[in-house]
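In this note's numbering, the protein residues as written are 462 to 625. We treat Cβ as the ideally placed atom computed from N, Cα and C, and that holds for glycine. All remarks here apply to the structure that follows.
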Amino acid sequence: MPRADDNVTPTGTRLHVVPVRQKAAKEFVADWHRHHQPPPGAVFCVGAADPEGTLRAVAMVGRPVARHLDNGQTLEVTRTATDGTANANSLLYGAAWRAAKALGYTRLITYTQDGESGASLRGAGWRILAQRAPRPGWDSPSRPRQSRGVDHIARTLWEAPTAS
Numbered sequence: 462m463p464r465a466d467d468n469v470t471p472t473g474t475r476l477h478v479v480p481v482r483q484k485a486a487k488e489f490v491a492d493w494h495r496h497h498q499p500p501p502g503a504v505f506c507v508g509a510a511d512p513e514g515t516l517r518a519v520a521m522v523g524r525p526v527a528r529h530l531d532n533g534q535t536l537e538v539t540r541t542a543t544d545g546t547a548n549a550n551s552l553l554y555g556a557a558w559r560a561a562k563a564l565g566y567t568r569l570i571t572y573t574q575d576g577e578s579g580a581s582l583r584g585a586g587w588r589i590l591a592q593r594a595p596r597p598g599w600d601s602p603s604r605p606r607q608s609r610g611v612d613h614i615a616r617t618l619w620e621a622p623t624a625s
């Protein structure tokens, strides 16, 4: 069976990394992501395409959502989405880390929700840093916010491999 870093799906389709403009990445996420809308912005976006050039998956990388992690050296994969093509997410997690390092960043993180296996992250060599308890939501009397359907869900914090 092919490994994730072979860039080959179980059906034999070879994937390659392609640049993706933010607008196109947001459209792809809107069409294919299971439970989130596209994030408001990104530092950069990458995609996985098949040999015909059809975009099969995207990753959007931006500043960390958590303020205490936004130190100027850390980025966060804020969204990935795939049309179901196997191994595409693992390819993108690896590509996102290589791109972030090339831009001078020293750390790349992401989160999975409770119930998501993290297989793509493990396939790309990422490791679990912490388990985060469910949060009550972002709404408060001084700062009203509408729920986006992900409140009260535990999360896992992951970090890209630190070895070069």
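When you compare the CB of residue i with every CB in chain D, is at least one pair closer than 9 Å?
{"i": "K487", "result": "In the displayed structure, chain D is absent; only one protein chain is listed."}
With distances taken Cα to Cα, identify the nearest neighbour of residue i among the options.
{"i": "D531", "options": "Y566, P499, G508 and D544", "result": "Y566"}
{"i": "V538", "options": "P499, W493, P512 and A547", "result": "P499"}
{"i": "R593", "options": "R616, P480, S601 and T573", "result": "R616"}
{"i": "P480", "options": "A491, V522, T474 and P622", "result": "V522"}
{"i": "H613", "options": "F489, V490 and W599", "result": "W599"}
{"i": "P595", "options": "A585, P622, Y554 and G576", "result": "G576"}
{"i": "R568", "options": "F489, D492 and L590", "result": "L590"}
DSSP on residue i, reduced to helix/strand/coil?
{"i": "W558", "result": "helix"}
{"i": "H613", "result": "coil"}
{"i": "W587", "result": "coil"}
{"i": "E537", "result": "strand"}
{"i": "E513", "result": "coil"}
{"i": "A465", "result": "Any reading at A465 is ruled out, since the residue's pLDDT is 44, under 50, leaving its predicted position unreliable."}
{"i": "H529", "result": "helix"}
{"i": "V504", "result": "coil"}
Quickly, what does DSSP pair residue i with across the bridge? List them, please.
{"i": "Y566", "result": "Answer is none; Y566 lacks a bridge partner."}
{"i": "S601", "result": "R604"}
{"i": "E577", "result": "Paired residue(s): none; E577 is not in a bridge."}
{"i": "V478", "result": "A509"}
How would you call residue i, buried or exposed, if buried means at least 16 neighbouring beta carbons within 10 angstroms?
{"i": "H540", "result": "The sequence shown places Arg at residue 540, rather than the His named in the question. Its Cβ being crowded by 16 or more others within 10 Å, R540 is buried."}
Counting Cβ pairs closer than 8 Å, one from the region 496-514 and one from the region 537-552, do we hit at least three? yes
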